[in-house]
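Below you'll find the structure, written out as structure tokens, and then a few comments.
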Amino acid sequence: MSARANVAGHGGGGLCRGITMSFFRRACMWLVCLGALHAAPQAFAQTSVTNTAAVRLPSTLTCATPGPGGVCQWTDAETTVVTAPLLTIVKTASASTFVVGQGASYTLTVANGGTSATTAVATVTDNIPTGLTPGAMPAGCSASGQVVTCTIPAGLAIGASVNFVIPVTPTVAVPAPGLPNTATVSGGGDTACTSGSPAPARCTSTVTTPVLEAPTTALSKTSNPATGATVLPGQTIAYTLSVLVGGSATTQAITLTDTISANQTLVAGSLPASCSSAGGAGSPTVVTCTLAAGAAVSATAYTFGYSVTVNANATGPASNVVVGSTPPGGDPDPTCAAGCATTHPIGAVALTKALTTESGAVAGVAEAGETLTYTITISNPSAVAVAGYALTDTLSAGLTYVSASNAGVNAGLNTTWTALSVPANGSLAV
């Protein structure tokens, strides 16, 4: 026969077995007791703990129901449900790389994957490395120098999590692999994170982030003819916008806004694909060009070119100003040390051509062998001097070039003058 009973004096945790045995044809019953074992369950991943005990008789004794091999052995087990919080922390960065002067952040996520809610306050400690300046702390967090401390009240439910977003601003560039940053969690009733030696990996989290130099962008504008040169109605002006990138690749798009005065008309089809226009027809034309984010550092500028025509009967200067900008809180706006405005005075000229002398006997009749002298007069009735004016005169067939004043250059029937200057309200004869 067998019996089962609690062992007195062991807190009800002991276990006894009655074992019937025969000695010299007499039956006896032994009471074999397994004492109670008291242990504090730790906060590990299991949800229960099983404690197994075994009794085995010496080989000189026999029992009524021996097991395999004639061995007399009995086992018994007690299973106890474990209830304890189990904390994990994960730290992530707002970007794979940070940029000097641009706001960034770390997100600290603490989750309870245990079998009970936290029983005490949990503490998160984040040591922000030098070179990053902590910003305004979120609720539940405070900063003392570079050390950020966040607290989580007791009662974080099973499966629940809490996030803290820690803002930082990089102040120095750090090349790859970058700045390592480690956060730890302790307390909450998770004894492994609090007193483990070493603490499990789930109690800490590290993220390493390179810090790039802030991008620099230099904007400039050029024209052909160059700024300051006098232009005439109907003349074409070619404009070029240039952006030179330094430091590191841009992280945001750069918008170039170029405003063209109303006395100029955009040449149809001259805008590149990354530019658009609005306005015109008697009002200023606004050209908008975009340099996409991710523009790499280069010794060669990124350029945008287009052309305009000076309107007929235009007066006043043909002016043009470009401004570069980026979205707030990101890359700095482009600088413009090389100049972002062009101005062209608008002149007005009139041409007359007259036969002034002839060596033949009959006036007004071209005679074989005679010399004809023509005078071309360039008049400028405007208040703006005309500079860089070019002129071409084409002779009729049957005429042979002899000479030209004012540095005219002949090629076949064509004679060309360049860089002529006509004073305001004056004239020039060639």
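With the numbering used here, the residue at position 370 of the sequence shown is 1085, and numbering never jumps. Virtual Cβ for every residue (Gly too), placed ideally from N, Cα, C. The structure presented is a predicted model; accordingly, all values stated were derived computationally and were not measured.
Length of the line joining the Cα atoms of LEU1087 and THR1005
Rounded to the nearest whole angstrom, the CA to CA distance from LEU1087 to THR1005 is 58 Å.
Just to confirm my understanding: we take ARG741, look at its own chain, exclude 5 residues before and 5 after, and list those with CB closer than 8 Å. What are they?
With a pLDDT of only 49 at ARG741, under 50, the local geometry of the prediction cannot be trusted, and no value is derived from it.
How big is the Cα-Cα spacing for TYR1021 and ALA1053?
Taking the straight line joining both Cα atoms gives about 19 Å.
Between which residues of its own chain and VAL1102 is the CB-CB distance below 6 Å, once the five residues before and five after are set aside?
The amino acid at residue 1102 is misidentified as Val; the sequence shows Ala. Counting only Cβ-Cβ distances below 6 Å, and skipping sequence neighbours, we find THR945 and SER1136.
Nearest-angstrom Cα separation, counted from ASP841 out to THR864
When only Cα atoms are considered, THR864 and ASP841 end up about 6 Å apart.
Less than 8 Å between the beta carbons of CYS1055 and LYS936, yes or no?
One thing to note: CYS1055 has its Cβ within 8 Å of the Cβ of LYS936.
Report the rounded CA-to-CA distance for THR1130 versus ALA977, giving the unit in angstroms.
Whole-angstrom Cα-Cα distance: 35 Å.
Which residues does DSSP pair with GLN788 in a beta bridge?
According to DSSP, GLN788 bridges with ARG771.
Here's a check: name, in chain order, each residue in its chain whose Cβ is nearer than 7 Å to the Cβ of SER820, leaving out the five neighbours to either side.
For SER820, where only same-chain residues beyond five positions count, the Cβ hits under 7 Å are SER809, VAL880, ILE881, PRO882 and VAL883.
How long is the line joining the alpha carbons of ASN1121 and LEU1143, rounded to whole angstroms?
Their Cα atoms are separated by approximately 10 Å.
Would you call the CB atoms of LEU934 and PRO853 closer than 8 Å?
No. Outside cutoff.
Checking 8 Å against the spacing of the C-beta atoms, do VAL1012 and GLY962 come in under that value?
Yes. Within cutoff.
Integer-rounded CB distance, given that ALA888 should sit under 8 Å from LEU847
Their Cβ separation, rounded to whole angstroms, is 12 Å, which puts LEU847 and ALA888 out of contact at 8 Å.
Simplified DSSP assignment, three categories, for PRO925:
In the structure shown, PRO925 adopts extended strand secondary structure according to DSSP, grouped into three states.
Given a cut-off of 8 Å, decide if SER1097 and THR1058 are closer than it, judged by their beta-carbon atoms.
Not in contact: THR1058 and SER1097 (Cβ atoms no closer than 8 Å).
Do you know offhand how far THR767's Cα is from ALA914's?
Their Cα atoms are separated by approximately 28 Å.
Residue from ASP905, VAL1099 and VAL1117 whose Cα sits closest to the Cα of VAL825:
Among ASP905, VAL1099 and VAL1117, the Cα nearest to that of VAL825 belongs to ASP905.
Below 6 Å CB to CB, which residues in the same chain sit around GLN967 once its five sequence neighbours on both sides are set aside?
Only ALA1008, THR1041, PRO1042, GLY1045 and ASP1046 meet the Cβ criterion.
Out of curiosity, what's the CA-to-CA distance linking GLN709 and THR794?
There is simply no residue 709 to check, as the chain begins at 716 and stops at 1145 in what is shown.
Helix, strand or coil for THR955 per DSSP?
Assigned with DSSP and collapsed to three states, THR955 falls in strand.
Please report how far the alpha carbon of THR980 lies from the alpha carbon of THR1000, in whole angstroms.
Their Cα atoms are separated by approximately 8 Å.
Could you spell out where the beta strand (DSSP E) holding ALA933 opens and where it closes?
Segment 931–939, the beta strand (DSSP E) holding ALA933.
Give a yes or no on whether the C-beta atoms belonging to ASN939 and VAL922 are separated by under 8 Å.
Their beta carbons are not under 8 Å apart, which means ASN939 does not touch VAL922 by this criterion.
Which of the three DSSP states is assigned to THR845 in this structure?
Residue state, collapsed to three classes: coil.
Who are TYR1017's beta bridge partners in DSSP?
In the DSSP output, where bridge partners are listed per residue, TYR1017 has VAL958.
What are the start and end residues of the beta strand (DSSP E) that includes CYS990?
The continuous beta strand (DSSP E) containing CYS990 extends over residues 990–994.
Nonlocal neighbours in the same chain, by C-beta distance under 8 Å from ASN1140, ignoring five residues either side:
These residues qualify, in order along the chain: ASN1095, PRO1096, SER1097 and ALA1098.
CB of SER912 to nearest heavy atom of the ligand NAP: below 7 Å?
Absence of the ligand NAP from the depicted structure is noted, as is the absence of any ligand whatsoever, leaving it without description.
Residue interval of the beta strand (DSSP E) (run including THR980):
Boundaries of the beta strand (DSSP E) around THR980: 979–981.
In three-state DSSP terms, what is SER910?
In the structure shown, SER910 sits in a helix (DSSP, three-state: H, G or I).
Considering only residues of the same chain and omitting the five flanking positions on each side of ALA1112, which have a CB-CB separation below 8 Å?
Within the same chain, ALA1112 has close Cβ partners LEU1128.
Proximal residues to GLY1123 (C-beta, below 6 Å), its chain only, five neighbours per side dropped
The residues are THR1130 and TRP1132.
Cα-Cα separation between SER920 and VAL786, rounded to whole angstroms
Distance between the alpha carbons of SER920 and VAL786 is about 53 Å.
Take ALA835 and list the residues in its own chain whose beta-carbon comes closer than 7 Å to its own, dropping the five residues that flank it on each side.
Take ALA835, set aside five residues on each side of it, and the residues of its chain with a beta-carbon closer than 7 Å to its own are ALA869, GLY902, GLY903 and GLY904, in chain order.
Beta-carbon of GLY1127 versus every beta-carbon of chain C: anything under 8 Å?
Looking at the structure shown, chain C is missing, and only one protein chain is on hand.
By Cβ distance, which residues of its chain are closer than 7 Å to PHE739, with the 5 residues on each side in sequence left out?
Reliability fails at PHE739, whose pLDDT of 47 lies under 50, so the model's placement of it is uncertain and no value is given.
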